[in-house]
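Below you'll find the structure, written out as structure tokens, and then a few comments.
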Amino acid sequence: MTIRVPDLIERKRNGDELSPEEISELILGYARGEIPDYQLAAWCMAVYFRGLNGQETHALTDAMIRSGETIDLGKALGRRVVDKHSTGGVGDKTSLAVGPIVAACGVPFGKMSGRGLGHTGGTLDKLESIPGYRVELTTDEFVAQVKEVGLAIIGQTGDLVPADKMLYALRDVTATVDIVPLIASSIMSKKLAGGADAIVLDVKVGDGAFMKTLDDARILAEQMVDLGRRAEREVVCLLTDMDQPLGRAVGHALEIREAVETITGHGPADFSELVLEACARLLALSDLDVDLEEGRRRAEGAMADGSALHAYERWIRAQGGDSDLAALPRAPVVREVSASRDGVVTRLRALDVGVAALELGGGRRTKDDSIDHAVGVVCQVKRGESVRQGHLLADVHACDEESAARGVEAVLAAYELGDTSPHAHGILLDVIG
Ligand code: URA
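Numbered by the working numbering, the letters in the sequence shown go through residues 3 to 435 in order.
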């Protein structure tokens with residue numbers, strides 16, 4: 003190694019620009035295990051305060067991709083490949099519903115997902131609540147499954163973007179998640195290494211998202227569109243509301259159930275709307291040669307005629323899992339959160355609900371923590387809905403009475419009740435790209 007890592011940390015801390023070669027050595031050295039976690043954590047914190055410019059973000063993304071193999075999924079399938087990714091939210095189970103619907107419409111969907119990050123849940127953790135589900139396929143198994151079954155969702159194998167896998171786990175526990183260039187390069191390195199020709203990105207905005215304002219979300223979206231443009235891929239960013247949890251369920255097994263209800267047409271309104279929007283965009287970007295309207299019509303058709311559910315079952319079984327919802331773990335204690343007064347829900351803070359689910363055992367505090375897949379929160383009443391004093395607001399699913407009591411208190415505090423309905427808006431706030 004020719005670089006001195008403390009110098010790079012210091013120069014970034016002082017606001018200097020690092021060269022592509024320096025960034026490359028830093029990231030590849032970390033991926034090879036030659037640079038320890040604490041130095042990368044210090045560098046990430048320096049990036050938090052000083053940022054990275056477009057050139058540095060591009061170099062970081064490129065180095066992450068070069069830390070492992072890449073897959074040319076399009077070549078292996080002989081098809082145009084589409085992919086999606088979210089910047090992370092509370093109750094965000096979108097990929098679990100979008101994958102089966104898109105596959106049922108005849109578009110292959112092979113996706114690399116991540117674990118929980120900060121207070122947000124990760125698709126992989128959710129999938130691991132399904133008994134037997136294998137998140138770690140080899141690259142060959144992954145490609146073969148997308149070819150044969152039309153759908154696979156896996157973690158980053160040791161071979162694909164290993165630098166992101168390591169950095170992601172490190173950022174999760176060192177308060178270095180909500181940094182625009184680190185999020186942009188983390189997401190785009192996975193999408194580009196996975197061989198997607200066109201990518202739909204769900205950029206979450208609000209209290210429960212890493213981007214709290216529309217302006218910040220637009221900056222992140224533009225960086226990702228730019229990284230896509232440099233790699234000659236089409237990128238569309240949907241800016242979507244994360245001021246309250248998405249859908250009703252927050253927690254791994256609880257979210258699997260809600261995703262399956264949604265692909266059969268029985269999901270919560272906001273979540274169903276987002277799923278349909280994402281599916282319509284993916285189908286319009288695919289080689290089906292359909293526009294957005296026809297894409298949406300086909301997605302609705304796959305939900306209504308049972309083909310999306312069939313695709314879900316085939317996918318889960320192909321990856322070794324039990325597709326029967328009855329096999330999912332259930333928390334031993336379920337306690338109700340009741341309204342303290344009559345009123346309308348003016349706010350339901352996503353961050354507080356996400357942290358409550360984490361505290362119930364659904365998230366990690368250190369890289370090696372294990373998580374409880376059964377616990378979580380089901381928000382039965384959402385923003386704009388009315389409730390009577392003493393009536394049900396939410397259910398807390400916990401591993402014991404003590405954590406249930408703490409969860410009830412935390413979820414109650416996440417609700418704000420008032421007398422006038424809040425300003426109503428849809429889930430989709432803007433589209434960029
Ligand atoms: N999703 C990712 O894959 N990476 C991030 O940094 C944030 C969300």
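Positions of the beta carbon are idealized from the N, C-alpha and C atoms, including for glycine.
Residue 349 carries a strand assignment under DSSP once its states are collapsed to helix, strand and coil. Contact check for residue 287 and residue 224: beta-carbon distance about 19 Å, past the 8 Å limit, so the pair fails to qualify. Of all alpha-carbon atoms in 380, 184 and 242, the one lying nearest the alpha-carbon of residue 204 is that of 242.
A direct Cα-to-Cα measurement between residue 339 and residue 392 gives close to 9 Å. Rounded to the nearest whole angstrom, the CA to CA distance from residue 169 to residue 178 is 10 Å.
Distance from the C-beta of residue 166 to the nearest heavy atom of ligand 1 is below 8 Å. In this structure, DSSP gives residue 111 an extended state, which the three-state scheme calls strand. Distance from the CA of residue 34 to the CA of residue 130, rounded to the nearest whole angstrom, comes to 27 Å. Of the other Cβ atoms in all chains shown, fewer than 16 fall within 10 Å of the Cβ of residue 336; this residue is therefore exposed. Remark: the C-beta of residue 173 is in contact range of ligand 1, defined as less than 8 Å to any heavy atom.
Distances taken from the Cβ of residue 179 to the heavy atoms of ligand 1 include one shorter than 8 Å.
About 5 Å separates the beta carbon of residue 117 from that of residue 127, a gap short enough to meet the 8 Å contact definition. Of the residues 67, 125 and 87, the one whose Cα lies closest to the Cα of residue 261 is 125.
Taking the Cβ atoms as the reference, residue 216 lies roughly 16 Å from residue 227, outside the contact range of under 8 Å.
By DSSP's assignment, residue 206 forms a beta bridge with 242. Here residue 249 really is in contact with residue 270; their C-beta atoms are around 4 Å apart, less than 8 Å.
Residue 388 is classed as exposed because its beta carbon has fewer than 16 other beta carbons within 10 Å across all chains shown.
In the three-state reduction of the DSSP assignment, residue 367 falls in the coil class, being assigned neither a helical nor a strand state. Contact between residue 5 and residue 28 holds, since their C-beta atoms are separated by about 7 Å, short of 8 Å. In the three-state reduction of the DSSP assignment, residue 163 falls in the coil class, being assigned neither a helical nor a strand state. Sequence-distant Cβ neighbours of residue 343 in its own chain, meaning closer than 7 Å and more than five residues away, are 391 and 419. Relative to ligand 1, the beta carbon of residue 140 is positioned no closer than 8 Å to any heavy atom. For residue 423, same chain residues with a beta-carbon under 7 Å away, outside a window of 5 residues either side, are 346 and 386 in chain order. Of the residues assessed, residue 140 falls on the exposed side of the cut-off, its CB having fewer than 16 other CB atoms within 10 angstroms. Assignment of alpha helix (DSSP H) within the segment 124-166, counting only whole runs of 4 or more residues, yields 125-129 and 141-151 in chain order.
Take residue 318, set aside five residues on each side of it, and the residues of its chain with a beta-carbon closer than 8 Å to its own are 132, 135, 324 and 325, in chain order. Of the other Cβ atoms in all chains shown, fewer than 16 fall within 10 Å of the Cβ of residue 404; this residue is therefore exposed. Between the segment 288-308 and the segment 352-366 there are fewer than three C-beta pairs closer than 8 Å, too few to call the two in contact. Rounded to whole angstroms, the separation of the alpha carbons of residue 85 and residue 351 is 29 Å.
Taking the Cβ of residue 322 as the reference point, every heavy atom of ligand 1 lies at 8 Å or farther away. Leaving aside the five residues that flank residue 412 on each side, the residues in its chain whose CB is nearer than 6 Å to its CB run, in chain order, 358.
Ranked by how close their Cα comes to the Cα of residue 56, the residues 183, 83 and 104 have 183 in first place.
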